[in-house]
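To start, the structure under review is shown below, and the notes come after it.
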Amino acid sequence: MTQSEASARKIRESLDHPVLDADGHIVEYWPELDRFLREEGVEGGMEAFMATANFDGSRTWQTLEPEERLRERAYRSPWWGFPNDARDLATAVAPRLLYERLDELGIDLAVCYPSVGLQLPAQRDERVRRLGCRAYNRYAARHFEGLSDRMLPVAVVPTCDPAEALEELDYAVEELGFRAVMIGGFAPRQFGPEEEHGFWIDSLALDSLHDYDPLWKRLVELRVAPTLHSGSMGWSGRRSISNFSYNHMGNFAGAGEATAKSMFFGGVFHRFPELRVGFLEGGVTWAVQMLVGLVEHWEKRGPEGLRDLDPAGMDAALFDRLVEEHAGALRTVDGFGGQMAKALGGSEVFNDFAAAGIESPADIVRQITTQCFFGCEADDPLAGLAFDTRRLPGGTPLCPIFSSDIGHWDVAHMHEVLPEAHEHVEKGWMDAAQFRAFMCDNAVRMYCQANPEFFAGTVIEDYAAGRAGVS
């Protein structure tokens, strides 16, 4: 046993609470997933899917010639994306090996996400998208059988339109028995049939092409807390044809912010107060900035703040007189104050916060701090900002949830994850209570507030029953 392995066990033994990994990853065993894809009717199986396995469903960089990459501005996607530690890679591929190693890793319960399957909801080919999600869900359900006391797989649900989302959601939960569900965080939509490379982001709520309320309603009825793990690589500002790191940095945060703001301003959190949503792998700094920005915009562009911005309230004559008196080299125009007020005015005045049901900053704080949860990796030194109540609006912490990201390139050795996470305590970035919230309690709240029986039959069932309502 290496020092870090010993440390993971030792750290877990020192804690008076479980470690709940809210975002670990399996790596699909491609020959097996290929079989499931073909059984569902995806012609070409894995080969067909991998040709467009991007978050926007475009052709992957690897499949294009250099001149095509330049012409299409194909973004550089991941390469060498998995650890070369054979034991760790096999652990990510074989759920039963991960199950055997959980004690070694210091993890009590793991919620497990796909890897290439993350891109399935964004596929532009409807058959690949819908049948691919169905194939992955059957694959995951089959290979996690008998492990549910310590490992829970996540179903993948496409969201190109509400109908396909509802169909796969019902199948995954009611037929296959999934408790955890990842929905596509957005739908990339082409501007027109001839604009292959021109698309806009439909973030499922504000200004969406469809009414997604039936989906949010059904999630609440099924007692599911959906999570979002879509990325924004390929969006403007993350479309380098040569540099993956340029594209990757901040891409989960960017996608999470787009959908979170859309759900807020589109009134989803207001209309469905029971809904709990996880935004994964983007950290929490974007959420801190979003919350601060929402409160700031309410104060300055809410109904009261707009009184100070209404051009009709400006004294045009006073404006003209003051400019004339201090004109210097300016060549003034009589009556420009009135012209300016008229140009800046207009009848199309909106309360941006109306659909969200906001009447005070407290309403904003309540929606974001009780309904939203934010996945942070073990080595994220800024996760503790979620608890900085001295500066957060309302003095209320956000809800970060521990996300190991095991199985992927940013975790070279699985047994080092818990020691890395514990550095938050060792370096004074979190106290013991905050660490408990980060490593377990926040995820317990997210899932149990949607479904009090979410952890039934798991090794943390009794613990979760006593902590579900603790904030």
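Counted the way our numbering counts, the sequence shown spans residues 195 to 665.
Don't be surprised by glycine CBs; every beta carbon is placed ideally from N, CA and C.
- Sixteen is the threshold: since fewer than 16 other Cβ atoms of the shown chains lie within 10 Å of the Cβ of Trp-273, the residue is exposed.
- Straight across, the Cα-Cα distance linking Trp-429 with Phe-632 is about 30 angstroms.
- The residue from Trp-492, Glu-233, Leu-363 with its alpha-carbon nearest to that of Val-418 is Leu-363.
- Rounded to the nearest angstrom, the gap between the Cα atoms of Glu-519 and Gln-533 is 19 angstroms.
- In the DSSP assignment, Phe-463 falls within the alpha helix (DSSP H) that extends over 462-465.
- Inter-residue distance for Asp-282 and Gly-300 is about 15 angstroms (C-alpha atoms, whole angstroms).
- Sixteen is the threshold: since fewer than 16 other Cβ atoms of the shown chains lie within 10 Å of the Cβ of Asp-625, the residue is exposed.
- Gly-551 sits close to Arg-465, with the two beta carbons spaced by under 9 angstroms.
- CA-to-CA, the gap between Pro-408 and Ala-359 works out to about 10 angstroms.
- In the three-state reduction of the DSSP assignment, Trp-603 falls in the coil class, being assigned neither a helical nor a strand state.
- Look at Thr-353 here: in three-state DSSP terms it is coil, with no helix or strand label.
- Going by C-alpha positions, Val-478 is about 7 angstroms away from Leu-579.
- Rounded to whole angstroms, the gap between the alpha carbons of Ala-242 and Glu-614 is 38 angstroms.
- For Gln-256, no alpha helix (DSSP H) run applies, since DSSP gives it neither H nor E.
- Arg-639 has its alpha-carbon roughly 7 angstroms from the corresponding atom of Arg-661.
- If you ignore the 5 residues before and after Met-376, its C-beta comes within less than 6 angstroms of the C-beta of Val-348, Val-350, Thr-421, His-423, all in its own chain and listed in chain order.
- Secondary structure note for Ala-374: its beta strand (DSSP E) is the uninterrupted segment 374-377.
- When DSSP reads this structure, Asp-396 sits in a beta bridge with Ala-381.
- In this structure, Ala-304 keeps its C-beta atom at 9 angstroms or more from the C-beta atom of Asp-250.
- Between the segment 229-243 and the segment 287-297, the count of Cβ pairs shorter than 8 angstroms is below three; the stretches do not touch.
- Per DSSP, reduced to three states, the secondary structure at Leu-303 is strand.
- Taking all protein chains shown into account, Gly-499 has fewer than 16 neighbouring C-beta atoms within 10 Å of its C-beta and is therefore exposed.
- Relative to Pro-555, the option among His-491, Pro-505, His-618 whose CA is nearest is His-491.
- Between His-211 and Cys-634, the alpha-carbon positions lie close to 7 angstroms from each other.
- Under the three-pair Cβ rule at 8 angstroms, the segment 493-509 does not count as touching the segment 587-594.
- Take Gly-539, set aside five residues on each side of it, and the residues of its chain with a beta-carbon closer than 7 angstroms to its own are Pro-505, Ala-506, in chain order.
- Put simply, of Val-543, Asp-509, Asp-546, Leu-485 the residue whose alpha carbon is nearest the alpha carbon of Gln-561 is Leu-485.
- Here the alpha carbon of Glu-617 sits roughly 8 angstroms from the alpha carbon of Asp-573.
- Pairing Gly-450 with Ala-481 gives a Cβ-Cβ distance under 9 angstroms.
- Straight across, the Cα-Cα distance linking Thr-453 with Thr-652 is about 31 angstroms.
- Burial is judged here by how many other beta carbons sit within 10 angstroms of a residue's own beta carbon; Thr-257 has fewer than 16 and is exposed.
- Counted as a single uninterrupted DSSP element, the stretch harbouring His-609 is not any beta strand (DSSP E), since DSSP gives it neither H nor E.
- Secondary-structure assignment with DSSP links Thr-421 through a beta bridge to Met-376, Gly-472.
- Contact between Trp-255 and Ala-247 does not hold, since the beta-carbon distance rounds to 11 angstroms and is not under 8 angstroms.
- Nearest neighbour of Arg-585 by Cα position, chosen from Glu-571, Pro-382, Pro-315, Gln-483, turns out to be Gln-483.
- Between Ala-329 and Phe-372, the CB-CB gap reaches or exceeds 9 angstroms.
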